[in-house]
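Residue numbers (the working numbering), protein chains in the order written: chain P, 23 to 367; chain L, 23 to 367.
The following block contains the structure:
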């Protein structure tokens with residue numbers, strides 16, 4: 023049995039064409055190590071880390087396993103600080119209920135910057151992936167000069183062409199089924215978000231670089247389907263949330279089997295898919311009062327350890343997942359996909 | 023080359039595991055005949071027809087081609103006539119702009135009833151499919167006693183189990199990518215609508231009858247992907263809209279390549295996917311003022327020939343379509359799918 027498309031394998035040098043999705047807040051050293059041990063491209067989500075933390079986590083992975091590492095960064099433009107009053111007014115009953123006060127804002131998701139680029143040049147990851155577009159031309163040039171394969175994330179064929187024109191080596195086609203933040207960055211209408219089965223062939227037809235399918239792929243059948251649609255690899259996040267190495271809380275782990283995920287802007291200001299929590303049920307998933315990404319998170323910080331007020335990101339195939347260690351899950355997913363592919367012709 | 027799953031072929035007796043979707047308003051005798059000539063299951067949308075019209079259309083198809091026919095009916099519950107005033111107030115500026123007056127309501131989509139059931143018993147279609155659930159136990163019993171294979175439409179695993187428990191012979195898994203009306207009937211949250219790549223394996227795991235994949239399948243790659251996910255057949259609507267036999271207006275045909283489809287409740291009161299029109303752009307796609315399905319259509323009737331005020335239903339793979347005659351399209355889709363499947367292992 024062989025993979026029907028080897029473009030990603032040849033580009034990155036992994037054993038299997040699977041990317042363990044970064045997942046800020048849920049991924050980390052243990053999950054990355056397990057995915058690499060299983061033959062996948064392991065990822066470290068760096069969007070919430072300091073440069074020193076990135077250096078330390080890469081060292082920790084390198085000490086435990088050999089294989090390509092992907093560092094993932096955000097590339098959003100930080101908005102002007104807007105009017106937080108309407109959002110805090112919506113949250114006021116919860117501050118009162120739980121006896122907390124809106125304090126000084128905690129750390130926010132920050133975009134990739136020259137300091138972080140210096141760490142990339144120092145630790146030399148095999149792959150760097152970006153969410154919400156790409157960094158400046160100068161920073162992107164430095165990342166490429168470091169030797170890293172660069173991957174961008176597209177939610178439309180237009181975004182895929184934009185990324186390819188700026189020199190990425192591969193494009194993720196992120197279907198609307200994906201858990202966590204949609205990487206949408208060119209202003210397409212969220213109401214027109216594309217499902218993976220429609221998005222993927224349109225992206226494959228739009229670019230010449232290898233395409234990595236993401237969103238709603240839950241098991242070997244989904245991986246095989248992605249290859250049928252023209253993908254060279256798949257990126258799985260939610261499947262890895264079930265692993266004991268993921269950093270999610272027990273409440274989050276328990277809710278994965280229930281499905282019913284939806285997009286909400288309440289937790290960060292950006293649209294992200296997750297299980298409906300009390301906050302989402304009370305206010306409705308999308309509210310105009312919420313400040314733009316990533317500012318909304320600040321006013322929620324005092325409630326971050328309260329059940330129902332912390333996001334529980336998950337994609338639409340969460341009910342298909344199995345609680346296996348990441349290395350075993352990776353090998354099992356690859357074997358299942360090859361078995362499905364073998365039965366198709 | 024052989025199809026990797028023959029359960030639908032064995033059940034229905036077609037040459038290829040493709041269902042030409044009914045598409046009320048766009049399908050008809052010519053499209054049905056072409057699809058059957060190409061080896062697919064041809065469908066006649068009957069939800070807007072009188073019993074006499076159904077009889078006449080079935081005769082017209084039978085005179086021109088041999089092969090299984092699917093008659094499609096709606097099974098919604100007609101709502102009480104609600105307050106139309108807020109909806110007519112929203113439309114008032116358009117009545118004024120185009121010099122029309124809200125008149126008596128035109129014909130509305132009607133659910134399957136005893137008179138229509140009598141026609142089924144008379145014309146004996148090989149297949150009957152239902153949208154928005156199923157008819158009463160008594161009517162369903164009569165349809166099955168006529169010898170028809172019965173197909174139901176599910177948008178969630180729960181709906182699929184509900185349909186199987188009531189005796190359907192096959193289930194359509196309708197992904198949110200599908201054009202036209204979502205068949206959602208058990209009250210699931212529209213914000214949690216599932217993309218096909220997530221829905222299909224969850225439905226396949228939930229029922230023992232063959233599953234027909236629908237939504238966002240645009241070409242041979244999508245058909246192959248559906249088989250990888252466990253489907254026994256596919257139902258394609260938008261791909262057939264491009265055919266010269268479809269009854270859509272030139273304006274609708276021209277907009278298919280643009281994509282950007284979204285769900286709107288403005289045209290019927292029910293959520294349906296189509297290209298954004300002026301009405302959708304002006305009012306926003308989903309408005310609370312709109313009466314429940316199918317009542318909203320009545321107030322729009324005076325504007326039905328005005329560009330921008332008539333729905334242009336289409337699914338998310340509309341840009342992948344090709345303007346081939348239906349028989350040739352069917353043969354080409356099947357050959358392409360088999361070629362993709364052959365390259366996968």
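For each residue, glycine too, the CB sits at the ideal point set by N, CA and C.
No experiment lies behind these values; they were computed from the predicted model shown.
Answer yes or no: does any C-beta atom of chain P fall closer than 8 Å to that of residue i?
{"i": "residue 230 of chain L", "result": "no"}
{"i": "residue 196 of chain L", "result": "no"}
{"i": "residue 186 of chain L", "result": "no"}
{"i": "residue 91 of chain L", "result": "no"}
{"i": "residue 238 of chain L", "result": "yes"}
{"i": "residue 40 of chain L", "result": "no"}
{"i": "residue 107 of chain L", "result": "no"}
{"i": "residue 311 of chain L", "result": "no"}
{"i": "residue 148 of chain L", "result": "no"}
{"i": "residue 182 of chain L", "result": "no"}
{"i": "residue 220 of chain L", "result": "yes"}
Among residues of its own chain, excluding the 5 on either side of residue i, which ones have a beta-carbon nearer than 6 Å to its beta-carbon?
{"i": "residue 46 of chain L", "result": "67, 69, 70"}
{"i": "residue 60 of chain L", "result": "349, 352, 353"}
{"i": "residue 228 of chain P", "result": "179, 182, 183"}
{"i": "residue 363 of chain P", "result": "246"}
{"i": "residue 226 of chain L", "result": "233, 252"}
{"i": "residue 151 of chain P", "result": "92, 94, 173"}
{"i": "residue 127 of chain L", "result": "320"}
Using a Cβ-Cβ distance under 8 Å, would residue i count as near chain L?
{"i": "residue 365 of chain P", "result": "yes"}
{"i": "residue 177 of chain P", "result": "no"}
{"i": "residue 211 of chain P", "result": "yes"}
{"i": "residue 216 of chain P", "result": "yes"}
{"i": "residue 224 of chain P", "result": "yes"}
{"i": "residue 234 of chain P", "result": "no"}
{"i": "residue 82 of chain P", "result": "no"}
{"i": "residue 307 of chain P", "result": "yes"}
{"i": "residue 26 of chain P", "result": "yes"}
In terms of DSSP beta bridges, what is residue i paired with?
{"i": "residue 149 of chain P", "result": "P/92, P/171"}
{"i": "residue 335 of chain L", "result": "L/296"}
{"i": "residue 41 of chain P", "result": "P/63, P/257"}
{"i": "residue 176 of chain P", "result": "P/195"}
{"i": "residue 203 of chain L", "result": "L/294"}
Can you tell me where the alpha helix (DSSP H) holding residue i begins and where it ends?
{"i": "residue 65 of chain P", "result": "Element bounds for residue 65 of chain P: not the alpha helix (DSSP H) but the beta strand (DSSP E), 64-67."}
{"i": "residue 245 of chain P", "result": "242-250"}
{"i": "residue 220 of chain L", "result": "218-226"}
{"i": "residue 109 of chain L", "result": "107-120"}
{"i": "residue 352 of chain L", "result": "348-365"}
{"i": "residue 322 of chain L", "result": "318-322"}
{"i": "residue 74 of chain L", "result": "73-86"}
{"i": "residue 30 of chain L", "result": "29-34"}
{"i": "residue 124 of chain L", "result": "That residue, residue 124 of chain L, is in no alpha helix (DSSP H); it is neither H nor E in DSSP."}
{"i": "residue 98 of chain P", "result": "No alpha helix (DSSP H) contains residue 98 of chain P, which DSSP labels as neither H nor E."}
{"i": "residue 311 of chain L", "result": "First-last for residue 311 of chain L: undefined, no H or E at that position."}
{"i": "residue 273 of chain L", "result": "272-277"}
Take residue i and list the residues in its own chain whose beta-carbon comes closer than 7 Å to its own, dropping the five residues that flank it on each side.
{"i": "residue 155 of chain P", "result": "97, 207"}
{"i": "residue 108 of chain L", "result": "311"}
{"i": "residue 337 of chain L", "result": "199, 200, 201, 237, 238, 259, 260, 283, 295"}
{"i": "residue 245 of chain P", "result": "239, 256, 355, 359"}
{"i": "residue 270 of chain L", "result": "48, 263"}
What residue range does the beta strand (DSSP E) around residue i cover?
{"i": "residue 286 of chain L", "result": "284-286"}
{"i": "residue 235 of chain P", "result": "233-236"}
{"i": "residue 193 of chain L", "result": "192-196"}
Return the chain-ordered list of same chain residues with a C-beta closer than 8 Å to the C-beta of residue i, the five sequence neighbours on each side being excluded.
{"i": "residue 111 of chain L", "result": "311"}
**Residues, ordered as in the chain, of the segment 242-273 of chain L that lie near chain P by beta-carbon distance below 8 Å** = Hits within the stretch, in order: 243, 244, 246, 247, 248, 249, 250, 251, 252.
ask   = What residues from the segment 328-362 of chain P come within 7 Å of chain L, judged by C-beta to C-beta, listed N to C?
value = Cβ contacts with chain L come from 338, 339, 341, 342, 362.
Counting only Cβ-Cβ distances shorter than 8 Å, please list the residues of the segment 273-294 of chain L near chain P, keeping chain order. Only those residues of the segment 273-294 of chain L whose C-beta falls short of 8 Å from the nearest C-beta of chain P are listed: 281, 282, 283, 284, 285.
message = Please identify, using Cβ separations under 8 Å, the residues of the segment 39-64 of chain L that lie next to chain P, in order along the chain.
response = So nothing in the stretch comes that close.
Which residues, taken in chain order from the segment 197-208 of chain L, show a beta carbon closer than 9 Å to some beta carbon of chain P? Per Cβ criterion, the list reads 197, 198, 199.
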